[in-house]
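Enquirer:
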Amino acid sequence: MIHYLGIRHHGPGSARNVKQYLEKLQPDIVLVEGPPDADGILQWVTHNDLKPPVAILCYQPDNPDQSCFYPFSEFSPEWQAIQYARSKNIHVRFIDLPSANQFAIANEKAKAVINSDEPSGDTTPIANASLLSSVIVETIKIKRDPVSYLAEAAGFEDGEKWWEHMFEHRKNDEAVFEAVGEMMSVLREFFPGEDDQLEKLREAHMRKMIRQAEKEMFREIAVVCGAWHVPALKANIKQKDDNDLLKGLPKVKVDCTWVPWTYSRLSFFSGYGAGISSPGWYEHIWKYPNDNGTLWMAMVAKLFRGKQMDTSVAHVIEAVRLAESLTSLRHLNKAGLEELNEATLSILCHGESIMMNLVHHELVVSDRIGEVPTEIPKPPLQLDIEKLQKKLRLPPTADWKDYVLDLRKETDLERSIFLHRLQLLEIKWGFPSAIAGKGTFKEQWRLQWDPAFSIDIIEKGSWGNTVEEAAGKYVKHLAEEHGTLPHICELLEKAIPAELPLSVSFLINEINNLAATSSDVIQLMEIIPGLVSTSRYGNVRKTDADMVSGIVESLITRICVSLPSACSGIDQNASELLTDLLMQLNQAVNTIQLKDISDQWQQALGQVAHGKNTSPVIAGYTTKLLTDYKILQGEELLKIFYYAMSSVSSPDVAAAWLEGFLKGSGTLLLIDEDFWSVVNNWVDQLDEDVFIQVLPLLRRTFSGFSKPERRRLGEKVKSGKSGNTAVKTDSNINTERAKQGIEVVMKMLGY
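Its first residue numbered 23, the sequence shown is counted upward by one per residue in the numbering used here.
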């Protein structure tokens, strides 16, 4: 006899009903909606170290991106059914359409979309829609959830809440599966949905597996599946029709394993199609089905007290009473999560909704993560990662965890190397955070484990069996694949803290080769700051940073030779880009503190500043740098400044030169009256039309100053210290003799 147990995936009430039904029925075989490809790993379900939440990972070995997860929690009906079968040593099988077929169908669909001229649309792997699609949204491609109509008829606005109160909190479960089957039959009759070919294939395969169990002479057959499928599995469909439908389906190779899962990934908020909104709450319902809210409120109070929030026993009592009152007003038989949340908000949170975010994160969803036995067959790279996590005491957690690493300590240094290598492999478990004091002995990391990393680990496993080997080979692959100088320099910055000496040597050789053939000065200037940073601060990690110094010196020499021509005859956008690069390169040269490099750099700056065709902005900025180096001072500097700001230069050129000279700081105008007078006089003699023309340039120049500088400049103008007087300079002019020449000059001018 066949017994159909229509369930809601991850429903604690359904899980309890399935467990009780099977214990009473004592079937010969249990058939579960799931991937038959994973039948071989069901033996691990009763292992003591396999602790839910966990998931079956099915993936295509030659294309790991084609994969899907089948999550289970302790309160999943499928998990309880499999647990029962394994504990009673009876047969248990998955009966859904194999992932091998679903992946192949998805591949063909993707190819068809790529080859067609139509918009691509949704190319999400079809396999992701298999086993654990919820009964609410599973396979029903209509605008409104059919169950919501039943909820509305019962006076509920939310179908989720109606299902929870009708089935998850239900105590009298007699004939519940018959009732669910009848309900779904009516819903499927009125809401057939769209013609879904994959859904037909899945249900045809389930019927085929049920017939196979009958042929094998099993007498009591329990079928545990999503409630939506029950009417289709009971339908009187001819065997030949199902066989014809399934005949000739494409197939690919599939591997399966168990991986840890998290409650956050089990929730709707993760994007999981069959997710539930409150896995932490459902676990509570599973463990304490008779709780009237007291235990839950006690957990909330414990959470608040742990966060140093005042919460008394009286708060808990009043909150439970309020939840019970709300339950009575709403004609419910038991307080649900909504009632308990409202009571928590009113009593324990004093109406402050921000505290409810803590309850939602810690209790309603929870950050629980499952465990998987180390003996389970896994890819070698995953085994190495787990080994290092254990050795370095970096446990994978579902919640964020912060680490401050002191690189002078051996364990912290090894942790840093491990995390940097994972970053190179694009396994984004850890994120480095900024920490005060560049070049210090400390690093700060934020870690959060995501079960989806299993796919990334499988994919990167093709590059090596250990983290070190895989990272080294993958870096080389990326360098060869992209092959651009900036990208390889970026890889070098990441490879040095990951302590991959062979990869570092390879990257340095590639940089040398590319730099020798590159005539793009801008590209060379872009990579210098990162290389200098690596060279300057790499010694903190006990790495040989000197191996980078040689290439840095060589690149700066090439830049100095080509820089004057690169700054000539360029437009405004290119000038702004080069000015920013000059600023960064100047900081890099000052960081290196090598006399030969500094001399070459200053010589190149002089050529740029005095070049006839140099962009005005760059000429002004390089003049400022020469001033900072005290190469230009006193009279010589004033002459250059006067010439740049004189009427010989057009107003827009003068404004651009001034912008470069004053880039980033207005202090010079505040402390040097000579410069202030020249600039002020230049602005004063501009015609109105010309002034309006150069005003945007002047505004941009002054916008680069700090607020205090702009305020003090304004105060200086307001106080009248704008100086229309000529600049005073030391001279040996004989005033009396000069007066005698005035008459001659006036006659020459016609006066």
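Here a beta-carbon is modelled for each residue, glycine too, at the ideal position from N, C-alpha and C.
Between the Cα of P272 and those of E130, E710, K110, spot the shortest distance and give me the residue it belongs to.
Expert: The shortest C-alpha separation from P272 is found at E130.
Enquirer: Rounded to whole angstroms, what's the CA-CA distance from V426 to R327? Just pull it up for me.
Expert: For V426 and R327, the distance between alpha carbons rounds to 27 angstroms.
Enquirer: Under a Cβ-count criterion, where at least 16 other Cβ atoms within 10 Å of its own Cβ denotes burial, should D406 be classed as buried or exposed?
Expert: Buried, because 16 or more other Cβ atoms sit within 10 Å of the Cβ of D406.
Enquirer: Going straight from the alpha carbon of L585 to that of V526, what length do you get?
Expert: The straight-line gap from Cα to Cα measures roughly 28 angstroms.
Enquirer: Y304 by DSSP, collapsed to three states: which one?
Expert: Helix.
Enquirer: Start and end of the alpha helix (DSSP H) containing L44?
Expert: Looking at the DSSP string, the run of the alpha helix (DSSP H) that includes L44 is 34-47.
Enquirer: Just how far apart, CA to CA, sit I581 and C589?
Expert: Spanning the two alpha carbons is a distance of roughly 12 angstroms.
Enquirer: Smallest Cα separation from K230: which of N265, W283, L172, K412?
Expert: Of N265, W283, L172, K412, the residue nearest in Cα terms is N265.
Enquirer: Is M206 near the ligand MN, with its Cβ less than 8 angstroms from a heavy atom?
Expert: Looking at this structure, you won't find the ligand MN or any other ligand, since it has none at all.
Enquirer: When the Cα atoms are used, what is the spatial distance from G392 to K413?
Expert: Rounded to the nearest angstrom, the two C-alpha atoms are 20 angstroms apart.
Enquirer: Of all the alpha helix (DSSP H) runs that stay within the bounds of the segment 166-250, which reach a length of 4 or more residues?
Expert: Taking only runs of at least 4 residues, the alpha helix (DSSP H) segments lying wholly in the segment 166-250 are 168-175, 181-185, 198-212, 219-237.
Enquirer: If we call anything under 9 angstroms between Cβ atoms a contact, is I117 one with V245?
Expert: Contact flag set, yes.
Enquirer: Taking 8 angstroms as the cut-off, does the segment 249-262 touch the segment 362-377 (at least 3 CB pairs, one atom from each stretch)?
Expert: No: the two stretches stay apart, fewer than three of their Cβ pairs being nearer than 8 angstroms.
Enquirer: Decide if Y310 is buried, meaning its Cβ has at least 16 other Cβ atoms within 10 Å, or exposed.
Expert: Counting Cβ neighbours within 10 Å, Y310 comes out exposed, since fewer than 16 surround it.
Enquirer: Run through DSSP, which three-state label would M768 get?
Expert: Here M768 sits in helix by DSSP.
Enquirer: So the alpha helix (DSSP H) A345 belongs to, where does it begin and stop?
Expert: Residues 335-351.
Enquirer: Considering only residues of the same chain and omitting the five flanking positions on each side of P395, which have a CB-CB separation below 7 angstroms?
Expert: If we look at P395 and ignore the five residues flanking it on each side, its Cβ neighbours are W66, H69, D71, L72.
Enquirer: Between the Cα of H32 and the Cα atoms of P301, E397, V76, I104, which residue gives the shortest distance?
Expert: The shortest C-alpha separation from H32 is found at P301.
Enquirer: With DSSP as the reference, label I162 as helix, strand or coil.
Expert: With a pLDDT of 34 at I162, under the threshold of 50, the modelled position of this residue cannot be trusted, and the question is left open.
Enquirer: In terms of alpha-carbon separation, which member of G177, W698, P523, Q625 lies closest to L660?
Expert: Taking only the C-alpha atoms, the option nearest L660 is W698.
Enquirer: With distance defined between alpha-carbon atoms, name the residue in N355, S388, V342, I693 nearest to L367.
Expert: Ranking N355, S388, V342, I693 by Cα distance to L367 puts V342 first.
Enquirer: In whole angstroms, give me the CA-to-CA distance for K46 and I104.
Expert: One C-alpha to the other measures close to 16 angstroms.
Enquirer: I believe D50 touches I232 by the beta-carbon criterion, under 8 angstroms. Please report the beta-carbon distance rounded to the nearest angstrom.
Expert: The Cβ separation is near 13 angstroms, so there is no contact.
Enquirer: What first and last residue would you give for the alpha helix (DSSP H) that runs through E393?
Expert: No alpha helix (DSSP H) holds E393; DSSP gives it neither H nor E.
Enquirer: According to DSSP, is G143 helix, strand or coil?
Expert: Confidence is the limiting factor: at G143 the pLDDT is only 43, short of 50, which leaves the residue's position unreliable, though a coordinate-based value still follows. Three-state result, G143: coil.
Enquirer: Among S121, K356, G62, C511, which residue has its Cα nearest to the Cα of H227?
Expert: Selected option, being the one with the closest Cα: S121.
Enquirer: Would Q445 and K400 qualify as a contact pair, given that the criterion is a beta-carbon distance under 9 angstroms?
Expert: Contact flag unset, no.
Enquirer: So what does DSSP say about A760, is it helix, strand or coil?
Expert: The answer is helix: DSSP assigns A760 an H, G or I state.
Enquirer: Roughly how many angstroms separate the alpha carbons of I653 and K729, rounded to a whole number?
Expert: About 30 angstroms.
Enquirer: Going by other Cβ atoms of all chains shown within 10 Å of its Cβ, with 16 needed for buried, is D59 buried or exposed?
Expert: Flag for D59 reads buried.
Enquirer: How long is the line joining the alpha carbons of E598 and K634, rounded to whole angstroms?
Expert: Distance between the alpha carbons of E598 and K634 is about 18 angstroms.
Enquirer: For the putative contact between L255 and E225, defined by C-beta atoms under 8 angstroms, what is the C-beta separation to the nearest angstrom?
Expert: That pair is a contact at about 7 angstroms.
Enquirer: What's the call for P57, buried or exposed, on a 16-neighbour Cβ count within 10 Å?
Expert: Buried, because 16 or more other Cβ atoms sit within 10 Å of the Cβ of P57.
Enquirer: With a cut-off of 8 angstroms, do at least 3 Cβ pairs link the segment 487-501 to the segment 520-538?
Expert: Flag = yes, the segment 487-501 and the segment 520-538 touch.
Enquirer: Out of Y643, Y304, E196, R734, point me to the one whose CA is closest to V387's CA.
Expert: Comparing Cα positions, the closest option is Y304.
Enquirer: Check for me: the beta strand (DSSP E) holding R468 runs from which residue to which?
Expert: It spans 464-469 - the beta strand (DSSP E) in which R468 sits, taken as one unbroken run.
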